[in-house]
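This report refers to the structure that appears directly beneath it.
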Amino acid sequence: MKKDKEIHNGGSFNTGFVFGKKNYTFMFIGMAVIALGFILMSGGGSEDPNEFNDAIYNFQRIRLAPALVLIGFAIEVYAILLNPNKK
Numbered sequence: 149m150k151k152d153k154e155i156h157n158g159g160s161f162n163t164g165f166v167f168g169k170k171n172y173t174f175m176f177i178g179m180a181v182i183a184l185g186f187i188l189m190s191g192g193g194s195e196d197p198n199e200f201n202d203a204i205y206n207f208q209r210i211r212l213a214p215a216l217v218l219i220g221f222a223i224e225v226y227a228i229l230l231n232p233n234k235k
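When we follow the working numbering, the leftmost residue of the sequence shown carries the number 149, and every step to the right adds one.
Written out as structure tokens, the structure is:
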């Protein structure tokens with residue numbers, strides 16, 4: 149029997165992690181990209197509530213930040229589907 153398997157009522161169960169180190173690395177990168185996107189989306193408010201600030205419509209908040217969030221989610225999907233045992 150392998151070291152990471154355990155016999156339980158006639159069946160074998162794998163007691164190791166579901167994902168490999170490579171998967172977790174890509175998951176961390178994806179989470180960092182998503183967090184960066186949300187950080188870039190924040191801010192842009194006006195100090196005076198009676199005055200409108202056009203900074204909320206700049207490229208960073210309208211195009212770049214949502215694109216980073218979507219790219220981060222795509223990285224997360226790739227990390228989940230990645231086969232760590234493939235060489």
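A virtual CB, placed ideally from N, CA and C, is assigned to each residue, including glycine.
Contact between Q208 and L184 is absent: CB atoms are separated by about 11 Å, not below the 8 Å threshold. Judged by DSSP secondary structure, P232 falls outside any alpha helix (DSSP H); it is assigned neither H nor E. The criterion of a C-beta distance shorter than 9 Å is satisfied by F167 and M175. With distances taken between CA atoms, L216 lies nearest to F186 out of K170, F186, Y172 and N171.
Less than 9 Å divides the Cβ of N171 from the Cβ of L230. For S190, the closest of N198, K235, P197 and Y205 by C-alpha to C-alpha distance is Y205. Comparing C-alpha distances from I177 to each of S194, N233 and Y226 shows the shortest one belongs to Y226.
In this structure, DSSP gives P214 a helical state, which the three-state scheme calls helix. In the DSSP assignment, N171 falls within the unbroken alpha helix (DSSP H) covering K169 to M189.
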